[in-house]
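A quick write-up on the structure given underneath.
2 protein chains.
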Amino acid sequence: MHKPAPNNSLKTACSTCNLRELCLPVNLSNIEITRLDDLITRKGVYRHGSILYRSGDKFQALYAIRTGFFKTQILNEDGREQVTGFQMAGEIIGMDGINSDTHTCDAVALEDSEVCEIPFGRLEDLSRELPPLQRHLHRILSREIVRDQNIMLLLGSMRAEERLAAFLLNLSQRFAVRGYSPTSFQLRMTRQEIGSYLGLKLETVSRALSHLQESKLINVRNRSLEILSLSGLQTSMGKRAR
Amino acid sequence: MHKPAPNNSLKTACSTCNLRELCLPVNLSNIEITRLDDLITRKGVYRHGSILYRSGDKFQALYAIRTGFFKTQILNEDGREQVTGFQMAGEIIGMDGINSDTHTCDAVALEDSEVCEIPFGRLEDLSRELPPLQRHLHRILSREIVRDQNIMLLLGSMRAEERLAAFLLNLSQRFAVRGYSPTSFQLRMTRQEIGSYLGLKLETVSRALSHLQESKLINVRNRSLEILSLSGLQTSMGKRAR
DNA sequence: TAAGATGCTTGATATATGTCAAAATATACA
DNA sequence: TGTATATTTTGACATATATCAAGCATCTTA
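Heads up: the protein sequence lines correspond to chains B and L, in order. All residue numbers for the first sequence refer to numbering that gives the first Met the number 0, where the first residue is 0 and numbers rise by one. All residue numbers for the second sequence refer to numbering that gives the first Met the number 0, where the first residue is 0 and numbers rise by one.
In structure tokens:
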């Protein structure tokens, strides 16, 4: 665990990447994408448990996840920890660092993962030249704001089982967009990480999963999860206000 | 309540605005600021209770608060509501709308307020010409992300009284930056709005305030709040994990 | 200025989730 | 491959916060 991050890096081509419809190059022409290629480098594999960046690190780049799975978390002074997100291929992380030129959370690989490094200064330069890139960068930043506010809604107003249902539906939908099964997937994180993300204790997560299973909405065995009724989960999410 | 928004608008000058060190023009030269002046219009007064924008509205502009106080809130399908923030002079709202060209929350004036409208397309154009403006826009977006993640920490890991303490300290600090007393101010929102923001019921907010008062950390009477010990509040915020 | 509506506080009680503990299972590593 | 470690489940019990209710204070507006 926590092996040092690899140093070797190689040129990447957004132009040939199968995530380009999902990732940074959205809405760019082929010529524009080759401009992006110039500034992005692929970093070697981050092994399970290794740290992409840490709170306090100087901010220099955004990272596009090429393969794998990450979590981001903040720790406050007294050691309290909060998982702020789980990120998968095609998603972009590191935006917390732009404000103060310093990262404010840790990003940890939850499985062996590859990322593309996007030096932020150069991205800003290029996005002044390419309006569609500028526009998309703004959308990505705004999307993160909207995402966070929906988690606030979840944390502030839903009960345990609803939070779990919302979490599973969110994962499902993101897997679907990537061409994976929306109803059958592996959880990449522990119950305690899910709990931290959802503002619950791990025992509560475990019980809520068991209960959803009793209700025939899911099958769960360790990290393998099968959704038996997407619509059932949906309704279990919105049943009553707290 | 909910008076229609005023239609009259007039030219504004960031150059002569006393909030320019706090607001959008940060780090711009005088010449650059006059470029900003060109695209910003001041909208008339939004009366207490009136709505600046609503979830579902087409996104066209960001708004800088010139005077007054707003709340933003999201409502999910089943009518559950979550206050996602309270905004004061010099702060910028509307960034939720960039992602999908549609606002995803409501912004409501909590007292009579004035805002400056910043058409977003023109802001993007100008920020391609002025790197310091581009940079600052990115910082503002990132700051919002960091802010939201800190609220996630609060909602996910603090108990009622700690949340209240964190909330009051945050207000205090923002008043201080604006030259107001950090220890004596008016709450602009109801207990129920505070509760929604903090993921608590209004009765719990009321009890927690009473208890902080018993502990001699604050004096509160209706909406007037006096902080008796900033450091005491600070420690009451970080006592134990949940 | 009066009257209704809204907001706030406090008490009694209910309940969802946390805490502690133990056993079962899975995973990592020597 | 076997052993130690980490993760997960489940039960019993504790507790923080929600819920319900009543009375009072404050604001709004006629």
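We put the beta carbon where it would ideally sit given N, CA and C, even for glycine.
* If you measure from the beta carbon of E123 (chain B) to each beta carbon in chain L, is any gap under 8 Å? -> yes
* So what does DSSP say about C16 (chain L), is it helix, strand or coil? -> coil
* **Limits of the unbroken alpha helix (DSSP H) element including C69 (chain B)** => The amino acid at residue 69 (chain B) is misidentified as Cys; the sequence shows Phe. Unbroken run through F69 (chain B) is the beta strand (DSSP E), 68–74; no alpha helix (DSSP H).
* **Y52 (chain B) (DSSP reduced to helix, strand or coil)** => strand
* To do: Just mark R220 (chain L) as buried or exposed, buried being the case when its beta carbon has 16 or more other beta carbons within 10 Å.
  => exposed
* Asked: What alpha helix (DSSP H) runs, 4 residues minimum, are completely inside the stretch 124–195 of chain L?
  -> 130–156, 159–176
* Is it right to say Q164 (chain B) is buried, meaning 16 or more other beta carbons lie within 10 angstroms of its own, or is it exposed? -> The sequence shown places Ala at residue 164 (chain B), rather than the Gln named in the question. Label assigned to A164 (chain B): buried.
* To do: Label G198 (chain L) either buried or exposed according to how many other C-beta atoms from any shown protein chain fall within 10 Å of its C-beta, with 16 as the threshold for buried.
  => buried
* Asked: How big is the Cα-Cα spacing for C22 (chain L) and S126 (chain L)?
  -> 15 Å
* Asked: Taking all protein chains shown into account, do 16 or more other C-beta atoms lie within 10 angstroms of the C-beta of S156 (chain B), making it buried, or fewer, making it exposed?
  -> buried
* Cutoff 7 Å; reference D95 (chain L); Cβ partners in own chain excluding five residues on either side -> H102, T103, C104
* Consult DSSP for L232 (chain B) and reduce its assignment to one of helix, strand or coil. => helix
* When DSSP labels each residue in this structure, what does G84 (chain L) get in the three-state scheme? -> strand
* CB-CB under 6 Å to S54 (chain B), same chain, minus the five flanking residues each way: which ones, in chain order? -> H102, T103, C104, D105
* **Closer than 7 Å at the beta carbon, the chain B residues around V145 (chain L)** => D95, N98, T103
* Quick one: is G89 (chain L) near chain B, going by C-beta distance under 8 Å? -> no
* To do: Under 8 Å by Cβ, that's how I've got M151 (chain B) and M151 (chain L) pegged, so tell me the actual separation to the nearest angstrom.
  => 7 Å
* Are P118 (chain L) and L27 (chain L) touching if we call contact CB-CB under 8 Å? -> no
* **Nearest-angstrom beta carbon gap, R65 (chain B) and C115 (chain B) [assumed within contact, 8 Å]** => 6 Å
* What does T83 (chain L) reach in chain B if we use C-beta pairs closer than 7 Å? -> Q148, M151
* Asked: Is there a Cβ from chain B that is less than 8 Å from the Cβ of G231 (chain L)?
  -> no
* **For D105 (chain B), the three-state DSSP class (helix, strand or coil)** => strand
* **Cutoff 7 Å; reference H210 (chain B); Cβ partners in own chain excluding five residues on either side** => E160
* So what's L227 (chain L) in DSSP terms, helix, strand or just coil? -> coil
* Residues, ordered as in the chain, of the stretch 47–79 of chain L that lie near chain B by beta-carbon distance below 7 Å -> I73, N75, E76, D77, R79
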